[in-house]
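Structure first, then comments.
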Amino acid sequence: MSATRLRTGVLLIGLVALGLTLGWSLLNLHEYGDIRGSYETQIEAAALRERRVANLDAFVNFDYRALDTLGEEFIFLTAIVGLSLVLRRLPGEVEEGQPLPMIPGRSAPAPDELTQWITPAFVPALVVLGVYVLIHGHLTPGGGFQAGAIIGSALAMIYVAFGYSAFRHTINQEKTEAVEAVAAAGYIAMGLVALASGAAFLANILPLGKTGELYSAGTIWLLNDLTGAEVSFGFLTMLAEFLRETQDRGRGDDG
Amino acid sequence: MDELPYLTAGWVFLVGLYGMATSRNLVHQVMCLSVVQSATYVLLLSSGYRQGGLAPILIDAKPGSTTFVDPVVQALALTDIVVGAAVTALLLAIIVRVWRVKHTLDPDALTREES
Amino acid sequence: MALQTGSYILVAIGALLVVLTRRPERQVVVYSLYGLLLTLLFLVIRAPDVALSELTVGSVAIPLTILVTLSKMRDPEGPE
Chain A
1 MSATRLRTGV LLIGLVALGL TLGWSLLNLH EYGDIRGSYE TQIEAAALRE RRVANLDAFV
61 NFDYRALDTL GEEFIFLTAI VGLSLVLRRL PGEVEEGQPL PMIPGRSAPA PDELTQWITP
121 AFVPALVVLG VYVLIHGHLT PGGGFQAGAI IGSALAMIYV AFGYSAFRHT INQEKTEAVE
181 AVAAAGYIAM GLVALASGAA FLANILPLGK TGELYSAGTI WLLNDLTGAE VSFGFLTMLA
241 EFLRETQDRG RGDDG
Chain B
256 MDELPYLTAG WVFLVGLYGM ATSRNLVHQV MCLSVVQSAT YVLLLSSGYR QGGLAPILID
316 AKPGSTTFVD PVVQALALTD IVVGAAVTAL LLAIIVRVWR VKHTLDPDAL TREES
Chain C
371 MALQTGSYIL VAIGALLVVL TRRPERQVVV YSLYGLLLTL LFLVIRAPDV ALSELTVGSV
431 AIPLTILVTL SKMRDPEGPE
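Protein chains in written order, with the numbering used here: chain A, 1 to 255; chain B, 256 to 370; chain C, 371 to 450.
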């Protein structure tokens, strides 16, 4: 089709032009490996001296630039809310009935025995790993966002091994939505507490403690944990929302 | 090979854009969008790299004794990755809705129907 | 240094492979491997936090979501 050819031609011209511009601008950046700037040393000194935190990324995320993390967290929350909105039951669709094992026309594979054997061993270990990564977020690599993804993916194994009804029994969607919302609100509440105590919004007001201990570095661990709760329960809500759809939904609308 | 990192970021960006524009399946398009996003992470992290720098975790280090790579861009990238996953999920939810109504995942077919 | 060069080249090749795999069911697997290559790159660039993020999200969470989505769009006539 000549329309497609024309489109592809225009696309390639556009990509070449973009590529040349990108190449010119990217190659004018600083030498790779040779940052010209001094704020890394400032941040490092500030982290150790002022806040006694070991993980600089967590420090930047939850102390120096905690407002940005608030924004990112709320992008996440909004995406989950939007997803629930898009997948809600529209007028004219059937009410979610009994979860059917199979929808006619689709064949489900037999449940895998090996997966069912290793899941009860792995899922608790993965959740513990996720919680470890979460609460040590200000000391070792990790933190709220990573741990949230770990915990969310770990609990998804229950669906993979045992099917939808087991997942549904384990994860109650109303509860995960509630915890996600409460954790997100808790982040703001922590910021307002800082504001009320005379410092700036989301300032670090808790006692600092000793570097390397679990309850050190002020509010960082608290904001970290709240973010981790929000992200992990957000992932679970997202999964529950998607998986709820696989039941019996396609029968009532336009078909 | 000093230009390789930036060139890789630019290449991945362009490749992802090409994939998105010539895609014939909406889910394929969403994954190409994810590839484009990964190009920005590569660019961010490459611009924050310091030759001989360590990972930005302070373990028994006195301030000023060692140099670190830039932690700010890493902080940006790590939140970005997780948020990108949520946005991808939102796009997939929209795709499911589109499929319910139109029963096709071809972007060309979807635009052709309207005309 | 060679490790970094190799990682960048692998990421570039991986991105091309992800885009060239047209069918979503196969692209998911390639994308998962691409997430692994990115994780390797981020580790070599001294960014362990980002590598951890990319590992869980790019290799597990996103492919899982996509596969669940694909499983909902099955139909006797099939998506095309």
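Beta carbons are placed, not taken as given, at the ideal position from N, Cα and C, and that holds for glycine.
Would B:G265 and A:L6 be called neighbours here (beta carbons separated by less than 8 angstroms)? no
Just mark A:W117 as buried or exposed, buried being the case when its beta carbon has 16 or more other beta carbons within 10 Å. exposed
Could you check what DSSP says for B:R305 in three-state terms: helix, strand or coil? strand
Assuming B:A340 and C:V420 form a contact by the criterion Cβ under 8 angstroms, report the distance between their Cβ atoms to the nearest whole angstrom. Not quite, the Cβ-Cβ distance comes to about 14 angstroms (not below 8 angstroms), so this is no contact.
Spell out whether any CB of chain C is found under 8 angstroms from the CB atom of A:T4. no
CA-CA distance, C:R365 and A:E241? Any property of residue 365 of chain C remains undetermined from this structure, which presents chain C solely from 371 to 450.
Quick check on the DSSP output: the alpha helix (DSSP H) that includes A:R5 runs from which residue to which? S2 to L27
With a 10 Å radius around its C-beta and 16 neighbouring C-beta atoms as the bar for buried, classify A:T115 as buried or exposed. With fewer than 16 other Cβ atoms inside 10 Å of its own Cβ, A:T115 counts as exposed.
Supposed contact pair C:V381 and C:L408 - C-beta distance, whole angstroms, cut 8 angstroms: 6 angstroms
Beta-carbon proximity of C:S402 to B:V337, cut-off 8 angstroms: no
Where A:F201 falls: helix, strand or coil (DSSP): coil
Alpha carbon to alpha carbon, how far is B:D363 from B:L281? Give it in angstroms, no decimals. One Cα belongs to B:L281, the other to B:D363, and the distance between them is close to 10 angstroms.
Cα-Cα separation, B:L259 to A:T21: 16 angstroms
Please say whether B:I314 and A:A54 have beta carbons closer to each other than 8 angstroms? Yes, Cβ-Cβ distance for A:A54 and B:I314 is below 8 angstroms.
Beta-carbon within less than 7 angstroms of B:Y296's beta-carbon, same chain only, minus the 5 sequence neighbours each way: which residues are those? A332, D335 and I336
Counting only the same chain and skipping the five closest in sequence on each side, list residues whose C-beta sits under 8 angstroms from that of B:V327. G303
Residues of chain A with CB closer than 9 angstroms to the CB of B:V353, please, in chain order. Within chain A, no residue comes near B:V353; the closest Cβ sits about 10 angstroms away, beyond 9 angstroms.
Rounded to the nearest angstrom, what separates A:R89 and A:L239 at their Cα positions? The C-alpha of A:R89 lies about 16 angstroms from the C-alpha of A:L239.
A:I171 in three-state terms, based on DSSP: coil
So, helix, strand or coil for A:G218, using DSSP? coil
Whole-angstrom Cβ separation of A:I150 and A:G130, contact assumed at under 8 angstroms? 4 angstroms
Should the segment 190-197 of chain A be regarded as contacting the segment 39-47 of chain A, the criterion being three or more beta carbon pairs within less than 8 angstroms? no
Would DSSP call B:N280 helix, strand or coil? coil
Please state the DSSP three-state secondary structure of A:I151. A:I151 falls in the helix class under three-state DSSP.
Tell me which residue opens and which closes the alpha helix (DSSP H) that C:I436 is part of. I432 to K442
What distance in whole Å lies between the Cβ atoms of A:F145 and A:E180, which are believed to be in contact at a cut-off of 8 angstroms? 14 angstroms between Cβ atoms; not a contact.
Within this structure, are the beta carbons of A:F235 and A:G148 separated by less than 8 angstroms? yes
CB-CB length for B:F268 against B:V291, believed under 8 angstroms: Indeed, because the Cβ distance is near 6 angstroms, the residues count as touching under 8 angstroms.
For B:L300, I'd like the list of residues in its chain whose CB is within less than 8 angstroms of its CB, leaving aside the five on either flank, ordered along the chain. V328, Q329 and A332
Is DSSP giving A:I35 helix, strand or coil here? coil
Report the residues of the segment 283-307 of chain B with a CB closer than 9 angstroms to any CB of chain A, ordered along the chain. Taking 9 angstroms as the upper bound on Cβ-Cβ separation, chain A lies near residues L298, S301, S302, G303, Y304, R305, Q306 and G307 of the segment 283-307 of chain B.
Between B:G308, B:S293, B:D325 and B:H358, which has its C-alpha nearest C:M443's C-alpha? Checking every option, the nearest Cα to that of C:M443 belongs to B:H358.
Residue of A:R52, A:N204, A:N61 and A:Y187 minimising C-alpha distance to A:E230: A:Y187
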